[in-house]
Amino acid sequence: MNMHVSNLNTTQNLDEHNVVVEQNSSDIEKTTHQITLNFSDGVTKKFNVSPNKSILDEALKDGMPLLYQCRSGSCSSCICTLNEGDINTMNGASSTLLRSEYDLGHRLLCVSQAEADCSIDLAYGSEVGTTSAQEVNVFIDSIEHIATNTVRLTVELAEGSYMEFRPGQFMQINVPGVGTLRSYSPSSTNKSLPKMEFLIRLIPGGIMSTYLKKQAEVDQILTLTGPYGAFFLREEHKRASHIFIAGGTGLAPILSIIDTVRQSSGVKPKMLLSFGCATPEALFCLDDIQLREQWLPSLEARICVDHGAKEGHYSGNPVSPLQENDVTDPNTVAYLCGPQPMIDGATARLIELGVKAENIFAEQFVASN
Ligand code: FES
Numbered sequence: 025m026n027m028h029v030s031n032l033n034t035t036q037n038l039d040e041h042n043v044v045v046e047q048n049s050s051d052i053e054k055t056t057h058q059i060t061l062n063f064s065d066g067v068t069k070k071f072n073v074s075p076n077k078s079i080l081d082e083a084l085k086d087g088m089p090l091l092y093q094c095r096s097g098s099c100s101s102c103i104c105t106l107n108e109g110d111i112n113t114m115n116g117a118s119s120t121l122l123r124s125e126y127d128l129g130h131r132l133l134c135v136s137q138a139e140a141d142c143s144i145d146l147a148y149g150s151e152v153g154t155t156s157a158q159e160v161n162v163f164i165d166s167i168e169h170i171a172t173n174t175v176r177l178t179v180e181l182a183e184g185s186y187m188e189f190r191p192g193q194f195m196q197i198n199v200p201g202v203g204t205l206r207s208y209s210p211s212s213t214n215k216s217l218p219k220m221e222f223l224i225r226l227i228p229g230g231i232m233s234t235y236l237k238k239q240a241e242v243d244q245i246l247t248l249t250g251p252y253g254a255f256f257l258r259e260e261h262k263r264a265s266h267i268f269i270a271g272g273t274g275l276a277p278i279l280s281i282i283d284t285v286r287q288s289s290g291v292k293p294k295m296l297l298s299f300g301c302a303t304p305e306a307l308f309c310l311d312d313i314q315l316r317e318q319w320l321p322s323l324e325a326r327i328c329v330d331h332g333a334k335e336g337h338y339s340g341n342p343v344s345p346l347q348e349n350d351v352t353d354p355n356t357v358a359y360l361c362g363p364q365p366m367i368d369g370a371t372a373r374l375i376e377l378g379v380k381a382e383n384i385f386a387e388q389f390v391a392s393n
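Going by the numbering used here, the letters in the sequence shown line up with residues 25 to 393, in that order.
Quick look at the structure:
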């Protein structure tokens, strides 16, 4: 599957780096603590939490508009930054945060408890978490093989179903007959609804891949839940230069973001898209990218392949074409989507070129069978 670890800025799913913080519950003073949430749009909201309770659970009981998905410390959707106070991981719980991120103040609210009154920063606006995930039925419209290992799946919402999402967010599709969920980001935008497009990487023996290759047919019904995730277009940065780095089907949420910028009113920002696959045969959506370059004169695309670069391609991963003069705007915002090594490399390179860490948003795509 493609997916999905979005972080405030970066999201990981690194089991080997689990941070488990042990604590002795008998040491905890049995008082209620006040939590202040500082949203990126300047809105603050307060609520109280009981000791030894998940901050996320308590917040949701009070109707706080927080993003979340797994509620078990593995997806990073609920990531925040501790500004003031003391928050620890709950006894016995684990989170996918790296120790270095934990030390920087990042916390996952679903597996965290407050040890004092706390002030928490969130990298999204107060209106973002008000959209809750819902389950809808969709009909398959088309299944196109667009590269050696990629399928474009187009679906249409069943009559009476309603869905809205932020460009970059993802949905979970229930694989028919298996009952397994797989997560994919639409490459389309809200404007295309009731139709939605997904770019799906085919994995040998993969559950969704096998379904798409052997059973999927036009007009079949799929059940889809969403939207999820904290990786989405940040409207507050819309005037800044944009850099998009996409590896493989990580292109899907990036196309949705680019198209949303294109469809919005006003002057378009300077945009650079670097997209790459392993080989020229694995590349896809090149015509779509070229079209967007024509529609958006402020967009420049660079196409990369790891092996066998042809004329017009860059050799190497999508980080390799980044150059010194690509970052001239100090407020440049970057969206990264692809495998973790690409995200790590792109983050380091962008910071080296002068992009602020807090302006880098990333989502890791994980292949799953
Ligand atoms: S880590 Fe998934 S909701 Fe908290």
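All residues carry an ideal CB built from backbone N, CA and C; glycine is no exception.
Between Val175 and Ile224 a beta carbon distance of about 5 Å is seen, short of the 8 Å cut, so the two are scored as contacting.
When secondary structure is reduced to three states using DSSP, Gly153 falls in the helix class. Linking Phe268 to Thr55 through their CA atoms gives a straight-line distance of about 46 Å. Of Ile227, Leu205, Phe189, Leu226, the smallest CA-CA separation from Ser211 is found for Phe189. Beta-bridge analysis with DSSP links Asp145 to Asn62, Thr105. Of the residues Glu139, Ile367, Val351, the one whose Cα lies closest to the Cα of His266 is Val351. DSSP places Asn214 in the helix class (H, G or I) of the three-state scheme. Assignment of alpha helix (DSSP H) within the region 75 to 142, counting only whole runs of 4 or more residues, yields 79 to 85, 123 to 127 in chain order. The ligand FES never approaches Tyr252 closely enough for any of its heavy atoms to be under 6 Å from the residue's Cβ. Straight through space, the alpha carbons of Glu183 and Pro345 are spaced by roughly 45 Å.
Judged by their CB atoms, Ile111 and Leu132 are not nearer to each other than the 7 Å cut-off. Using a cutoff of 6 Å, the CB of Ser136 does not count as near the ligand FES, since none of the ligand's heavy atoms is closer than that. 7 Å or more divides the Cβ of Gly109 from the Cβ of Ala157.
Proximity of the region 164 to 174 to the region 301 to 308 meets the contact definition, three or more beta-carbon pairs being nearer than 8 Å. Between Met195 and Gly253, the C-beta spacing is not below 7 Å. Tyr208 and Ile197 have their C-alpha atoms some 8 Å from each other. Taking the C-beta atoms as reference points, Thr247 is found no nearer than 7 Å to Asn355. C-alpha of Glu221 to C-alpha of Ala270: approximately 17 Å in a straight line. By the CB criterion at 7 Å, Ala117 and Gly87 fall outside the cutoff.
Going by DSSP, Val285 is part of no beta strand (DSSP E) but of the alpha helix (DSSP H) stretching over 275 to 287.
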